[in-house]
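>
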Amino acid sequence: MLSRSISPDATTYACVLKAYGDIGDFEKGHEIASHVIKQQLLKTNIVVANALIDMYLKCGEVKIAREVFDEIPVRDVILWTSMITGYADHGYGEDAISCFEHMKVEGLYPDAITFAAILKACGSMGAAYTGEDVHSEIVKQELLEHDAVIGIALVNFYANCGMLAEAQWIFDELPERNVISWSALMVGYAQLGKEDVVLHMLDMMVAESIEPDAVTFTIILNTCSHRGLLDLGQMYFESIHEVFGILPTIEHYTIMVDLFGRAGHLDRAVAIIERLPVSVVNLTMWHTLLGACNKLANTNLGMWAFEQLHEVDAAAYVCLSNIFSVTNQINAEQPPKQTV
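At position 264 of the sequence shown (counting the first as 1) the number is 251 in our numbering, and the numbers step up by one without a gap.
1. Excluding the 5 residues preceding and the 5 following Ala201 in the sequence, name in chain order all residues of the same chain whose CB lies nearer than 7 Å to its CB.
2. Pairs of beta-carbons, one from the stretch 138 to 155 and one from the stretch 102 to 116, closer than 8 Å: are there three or more?
3. Going residue by residue through the stretch 190 to 215, where are the continuous alpha helix (DSSP H) segments of at least 4 residues, counting only ones entirely within it?
4. Which value, in whole angstroms, describes the spacing of the CA atoms of Ala292 and Leu253?
5. Can you tell me whether Tyr344 is helix, strand or coil according to DSSP?
6. Quick check on Tyr96: does DSSP put it in helix, strand or coil?
7. Nearest by alpha-carbon distance to Ala(-3): which of Asp9, Phe13, Gly11 and Ile19 is it?
8. Are Phe158 and Ile125 touching if we call contact CB-CB under 7 Å?
9. Measuring straight from C-alpha to C-alpha, what distance separates Lys25 and Val61?
10. Mind checking whether Ile242 and Leu208 have CB atoms under 7 Å apart?
11. With three or more C-beta pairs closer than 8 Å as the rule, is the stretch 261 to 280 touching the stretch 216 to 233?
12. When you compare only the Cα positions, how much space is there between Glu238 and Thr275?
13. Three-state secondary structure (DSSP) at Phe231?
14. In the DSSP assignment, find the unbroken alpha helix (DSSP H) run with Cys2 in it and report its ends.
15. In three-state terms, what does DSSP make of His17?
16. Measure the alpha-carbon distance for Val332 versus Ala256 and round it to whole angstroms.
17. Out of Tyr0, Val3, Met70 and Lys15, point me to the one whose CA is closest to Ile100's CA.
18. Roughly how many angstroms lie between the CA atoms of Lys15 and Gly80, to the nearest whole one?
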């Protein structure tokens, strides 16, 4: 359209910006932004303004998004929430909280999505007191009983702050519990090393006819890996597809390689990798196997893993060098064989 000197309308700009944000194409999105600014749409159309900010945030350009945000003369709750969410998603917790407070100073009151975003920011930085104040505001508005998103956000917040009693209480009070709320609480218990509780929660969840998803199994397999539960981890891994009909993700395979590698069962780690086409095995998985070979000074398998990896990752050379270094040290420390 632009090449034919046809000027898109506001709806078209908003749709195109959303599309570029969804695929993370900053360059093309930024190019469209120049046309939006030239046509003064930032000052006249809040939908386009929000789409532009959202595009920058999805592309990771938080600073530019804030610059655009500051240029908008009239900002509604949706715009403020987009900025708060962007800060929270990219780890700028303090900026998210500051934005949240400024929004209220301007006379705008947060909605359920805003509350969920600020709770995420508070949880990620361990801002327990601020999060508890937000919880009090939610209670005053009686939102917890009517909005599942806020309930899950509160469970996440308390779990991330290590306040499991509060997280469990919120969870128990939820009118409806879904796989997301169960997984949020499981993460909290896992972070505090309550692996037995995490595994028991999976059984409780299934007993309530709530089927786990890929995220749930990521939590479960990581729990097995940290506890060194080889056979149990294998059982859960096989059940992902056989019992629940979910296609295991690359992350699931990688955790299994780590589980067996940590325990010194390199043959079982390789067996997991060999279940996948070579083109699907990613760098993380090869690095995980190579790290296990390094730990166990297994040069033969280390060379094989290195050969699969070296074409795409130069860091493999360092790890391979470490394997040979450890092996040579072990050989040097062994007493020489007696000759007759």
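We treat Cβ as the ideally placed atom computed from N, Cα and C, and that holds for glycine. Quick caveat: nothing in here was measured; it's all calculated off a predicted structure.
In short, the structure shows the following:
1. Here the set comprises Ile233 and Thr236.
2. Touching, yes.
3. Along the stretch 190 to 215, the alpha helix (DSSP H) occurs as fully enclosed runs of 4 or more residues at 201 to 214, listed in sequence order.
4. Distance between the alpha carbons of Ala292 and Leu253: 11 Å.
5. Only positions -12 to 327 of the chain appear in the structure, and residue 344 is not among them; the question remains open.
6. Coil, per DSSP.
7. Checking every option, the nearest Cα to that of Ala(-3) belongs to Ile19.
8. The answer is no: Cβ separation not under 7 Å.
9. Each residue's Cα considered, the two are about 18 Å apart.
10. In this structure, Ile242 places its C-beta atom within 7 Å of the C-beta atom of Leu208.
11. Between the stretch 216 to 233 and the stretch 261 to 280, the count of Cβ pairs shorter than 8 Å is below three; the stretches do not touch.
12. Computed Cα separation, rounded: 12 Å.
13. In the structure shown, Phe231 sits in coil (DSSP, three-state: anything other than H, G, I, E or B).
14. It spans Ala(-3) to Ile10 - the alpha helix (DSSP H) in which Cys2 sits, taken as one unbroken run.
15. In the structure shown, His17 sits in a helix (DSSP, three-state: H, G or I).
16. This structure leaves residue 332 out entirely; the chain is present only between -12 and 327.
17. Ranking Tyr0, Val3, Met70 and Lys15 by Cα distance to Ile100 puts Met70 first.
18. When rounded, the distance between both Cα atoms is 29 Å.
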